[in-house]
Amino acid sequence: MPEPPRDEVPVAGPEGHRDLERYAEDSLDSGLAVGERQIYVSAVAVGDEGRRRGAGLGFGAWLAIGWLAFIVIVSVLAQLDLLPLDSPTKSFAECARLGPFAKEGSAPGHLLGCDSNGRDMIARLAYGGWSTLIVATGAVLFGLVFGGILGMLAGFFSHKTDTVITSLFNVFLAIPAVVLALSLVAFLQGAATSSGGGDRVDPKLLLILAIGIVSVPLLGRITRASALSWSQREFVLAARAQGARPLRIMIREVLPNVLPAMMSIALLGIAIAIVAEGTLSILGVGVRPPTPSWGNVIALDRGRIKDSPHIIFEPAILIFLTVLSLNFLGDVVRARLDVRESAV
Amino acid sequence: MAGHGTAHLRAEQDALLRVEHLVVDFPVGRTGLKVHAVSDVSLDVLERETLGIVGESGCGKSTTGRAVMQLPPPTSGRVVYDGVELTALKGAQLRAMRPRLQMIFQDPISSLNPRRRVREIVREGLDIWQIGDKSSRDARVAEVLEAVGIDPANGERRPHEFSGGQCQRISIARAVITEPKLIICDEPVSALDVSVQAQILNLLEDMKARYGLTLMFIAHDLAVVKNVSDRIVVMYLGKVCEVAAPDLLYVQPAHPYTAALLAAIPVPDPEVRHDGPPVLSGEIPSPMRPPSGCRFRTRCPRAQPVCADEEPELREVAPGQFVACHFPLAPGETPSLDGSMSASI
Amino acid sequence: MTSSVTEPVASASNTQALLEVTDLCTHFETDRGIVRAVDGVSFTLDRGRTLGVVGESGSGKTVLSRSIMGLLPKRHTIRTGSVRFEGREIADLPAKEMREYWGARMSMIFQDPMTSLNPVMKIGKQITESVRQHLDVDKKYADELAENLLRSVRIPEPERRLKEYPHQLSGGMRQRVCIAVALACGPALLFADEPTTALDVTVQAQVLDLMATQQRERFMAMVLITHDLGVVAGRADEIAVMYAGRIVERAPTSVLFSDMKMPYTEALLSSIPKLEQPSHTRLATIPGRPPDLVNPPAGCKFAPRCAYVQPRCTEEEPPLLPATHPGHEYRCWFPVGTPAGDEALARNRAAKASA
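Top to bottom, those sequences are chains R, Y and D. In terms of my numbering, the first sequence has 941 at position 316, counting the first letter as 1, and numbering is strictly consecutive. In terms of my numbering, the second sequence has 20 at position 39, counting the first letter as 1, and numbering is strictly consecutive. In terms of my numbering, the third sequence has 299 at position 38, counting the first letter as 1, and numbering is strictly consecutive.
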């Protein structure tokens, strides 16, 4: 039987033998084989990203993470009534419509002022964060799961399956998102009422479903594109050649490659969903008052933008910073994952 | 060239793989046109033999390899492997045959899942079919990794941490772990550096000896194919033009295309000067509208009217040498360089 | 827009070399460290001559050509050394000034004709675009020039082709168009970076012949970069073998093949399967892998893989030493075919047999 071929190590004279072997092994094992194309790719293609990965995520990314962590922690703690805040539904008559910089002396103990009903803004915003984040995250998760599954099936199986699913997506995408969301909320509300649940159904759930269903074709198309591209790689063919069942191939080979791309999309999606919740609140179908959400805080008092602008701007700034952080983080996540997939 | 026929096939019971009248057509979008990638190709491979399939781009050699694997099944034709007619199987039955017939691909990086560890990639064949228990599978993985020259301790790494040559070794390990009898190698060294190429070619020979493999080696580089094969099939535009033993093919090519191919290969010897017009001009016709009769006639310096009317059939011109040509080259004859047809697109 | 550099510098331009590269280094900053892709390359090239640059991946041959032309991005790239073209130093010129050279005085053809051409621009326009930028000519003249160029690169029905898009042509045709684009303004120097690797072997021969003809007719210098020793054997006047960013052997072509000194060259040649060999000939392989360009080994870069290696090789890096033939240089302490080299090889073989 022939000797198994190994990366042969040259042997010098007896005295140099051991040193040379170790030296050669070091050279063979040290680092990666940096091929020329890889050098060129790393220097040219990714050059402008300033690939100083050793320094960590970068200042901007940490700021974004910090902000998001802050928002999440505050919202969760508020919802659990662990923060020393006023109730978001309690009115303080003396505070009504007074902003943080009110001329008649700031409302004591209400640093951000109150809304038109005299409810403390800090409380409204803290509890409101919970509603907004739950709706946005829930909707995106819904969209990821269902859109993701449909997209994966369309991209992996192609042909007929793809045609059917893509047509379904196209139908839903042809309907203006807002109209679709409104119709869904109305429909779901009706369904809830007729089945006896009625007012006991948490409107947040309806919103999650509505925004979620709207996002299914969007997330589905992106997943489909990614699944399609990965399914054409030769390792998928190799798996088929080994006799793996299609489902196994889809889950073990394609999904792990599609998932990272979806993660960055998910962050961007949450940002969009937050804004969507705001829009629906303005249209009157958002989270039902008196439960606050950032969107409905704006919506309720949008007529008062002239005299009490703080009621609008405070939640707007929160939304702005959160969306900015999510977008930025989404980009960073995408850039880092792209880099790791390449052979350098 | 464009030949059909089965004269070159050997006895059915001796062959490990027998392919008869293979046809693979691909529809082109919605135009109604078809790409005739493989048109009536027959070949066979004996056990422990290495069959080389060589040809330029568009000749259908890779498509032939995949059609043999039924990935996807051919448009028509019969593929018999180890006594089983693969073309008659479907679904679970076909899948059950898969571990016995494996494939290695051209692009070493693309043929490995970047998200999985090498150890898992190689073990996948055993996992799918639940062969043995965990420890025996791990032992087998270590054994094949060693056999291909990869330190099993590196099994924890991911493909992008390895070089192209090493990735190709991992692919080979993945292919042999289910103990197939036949491995189809689809351009396994084309994407590798010259020095690594030699390592992999030697490795394939060693694996063949160690595991008792039969190989079907598909490539465009005739020097490489000649080095590894026991028998060579030359293809052009979906058809077989010549079948012969490698040394015979080199010394006395009978088909004008084979001769042209040999003449065009750059030789690393400055004494061999390539003066004068190239032996072969023009470009490969479109596989959607292949020439009538012999498909090579548009570039053949020996073409006659009969070549357009009648497609030549493979016939034996010397012991063990089969050609599909109406005017094959006699031993020692070189195709005439003047009067070569101009480019036809 | 007339270019001010179409006239070569007037002084002794007949006797000085067209291209003089002296100690060119190109290093890239990556997060793994500094990659020394090109690490001290020097050579000269005269008009009308062809230099073949041979190497595998990681040898630096592609980076070299782009570095000489100045095509590499500025960020994270450190370039030192001198590049004199037509008597003028161009290594430190900004891109704005280099643009006058690109296409007009020096051109490049790339490996993949599929991606070298703009898929949404007609062929004719791609040729005339270059012409009209560098030479002060009107549209009609440019179109005629384009048609003649296509004819000169042996593309049938050139008038028709001018109006076609790249995807309507085959790979070989596309490469010919790329050659036409590169030669449109009559450059004095052409870089051909693996021009035929992506082509079929029968088309390869045609394209190489075409390039040789064009070079002869235009008295152009050419740098032919490839991994294929067979390609340079027939086409280059002089060959430089690169390894780990340096030239390890340089010689006129026939001298290189008949009297090679560098073990790497010898190993490269013997690892190629040759048609004359009987089938199943075991190929001589070069063990191991190309070196890490971030932390290259001390001493000779090829030592870990060399069959002739001796302790001195791992300590001291050999400089380029002249051989008996003029124009032949190599980098080795125990070169092939010398008594020292033969002894070294014999010693290694004996030690291996007894180990």
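Virtual Cβ for every residue (Gly too), placed ideally from N, Cα, C. As the structure is a computational prediction, the values presented were derived from the model and not from experiment.
- The DSSP-derived three-state label of Arg336/D is coil.
- DSSP places Thr762/R in no beta strand (DSSP E) but in the uninterrupted alpha helix (DSSP H) bounded by 746 to 767.
- As DSSP reads the structure, Lys220/Y sits in a beta bridge with Tyr217/Y.
- Exclusion of the five residues before and after Asn795/R leaves Pro842 as the residues of its chain whose Cβ lies within less than 8 Å of its Cβ.
- Not flagged as an interface residue toward chain D: Ala200/Y, since no C-beta distance is shorter than 8 Å.
- Sequence-ordered contacts of the segment 524 to 545 of chain D with chain Y read Ala528, Leu529, Leu530, Ser532, Ile533, Pro534, Lys535, Leu536, Glu537, Gln538, Pro539, Ser540, His541, Thr542, Arg543, Leu544, Ala545 [C-beta pairs closer than 8 Å].
- For Glu590/D, no CB of chain Y lies under 8 Å from its own CB, so it is not counted at the interface with that chain.
- Its chain contains Ser889, Leu892, Leu893 as the residues whose beta carbon lies nearer than 6 Å to that of Gly955/R, once the 5 sequence neighbours on both sides are disregarded; these appear in chain order.
- In this structure, the CA atom of Gly10/Y is about 18 Å from the CA atom of Thr791/R.
- Between the segment 7 to 24 of chain Y and the segment 218 to 230 of chain Y, the count of C-beta pairs closer than 8 Å reaches three or more; the two stretches touch.
- Beta bridge pairing from DSSP links Val16/Y with Phe7/Y.
- When the beta-carbon positions are compared, Ala764/R and Leu710/R stay at least 8 Å from each other.
- Residue nearest to Ser210/Y within the set Val60/Y, Tyr217/Y, Leu196/Y, Ile164/Y is Leu196/Y (criterion: CA-CA distance).
- Cα atoms of Glu604/D and Thr341/D: separation of roughly 39 Å, rounded to the nearest angstrom.
- The segment 873 to 880 of chain R and the segment 801 to 819 of chain R do not touch, with fewer than three beta-carbon pairs separated by less than 8 Å.
- For Ala77/Y, at least one C-beta of chain R is nearer than 8 Å to its own C-beta.
- C-alpha of Phe308/Y to C-alpha of Arg283/Y: approximately 7 Å in a straight line.
- Listed by position along chain R, the residues whose Cβ is nearer than 7 Å to that of Gln83/Y are Ala866.
- In this structure, the CA atom of Ala512/D is about 14 Å from the CA atom of Cys593/D.
- Under the Cβ distance rule, Phe480/D does not count among the residues neighbouring chain Y, no pair being separated by less than 8 Å.
- Excluding the 5 residues flanking it on each side, Gln149/Y has same chain C-beta neighbours closer than 6 Å at Pro89, Ile181, in chain order.
- Proximity of Arg550/D to chain Y, defined by a Cβ-Cβ separation below 8 Å, is satisfied.
- Inside the segment 64 to 93 of chain Y, DSSP marks whole alpha helix (DSSP H) runs of 4 or more residues at positions 72 to 78, from first to last along the chain.
- Residue-level contact check: Pro133/Y does not touch chain R, since none of the beta carbons of chain R fall below 8 Å from its beta carbon.
- For a Cβ distance threshold of 8 Å, residue set Glu859, Leu862, Ala863 of chain R lies close to Phe86/Y, ordered along the chain.
- Asn952/R and Ala896/R have their alpha carbons spaced roughly 7 Å apart.
- Sequence-ordered contacts of the segment 880 to 907 of chain R with chain Y read Pro881, Asn882 [C-beta pairs closer than 7 Å].
- Under the three-state reduction of DSSP, Pro881/R is assigned to helix.
- In this structure, Ala473/D is the residue among Met481/D, Ala473/D, Met503/D with its C-alpha nearest to the C-alpha of Gly495/D.
- As computed with DSSP, His288/D is found in a beta bridge with Arg297/D, Ile339/D.
- Look at the segment 588 to 616 of chain D and you find these whole runs of alpha helix (DSSP H), each 4 residues long or longer: 600 to 615.
- Comparing C-alpha distances from Phe289/D to each of Gly598/D, Lys335/D, Ala505/D shows the shortest one belongs to Lys335/D.
- Boundaries around Cys166/Y are those of the beta strand (DSSP E), 163 to 167, since no alpha helix (DSSP H) includes it.
- Taking CB atoms only, His586/D has no neighbour in chain Y less than 8 Å away.
- Shown here for Thr526/D: same chain residues with a beta carbon closer than 6 Å to its own, the five before and five after excluded, namely Val502, Glu510 in chain order.
- Rounded to whole angstroms, the separation of the alpha carbons of Gly319/D and Glu142/Y is 16 Å.
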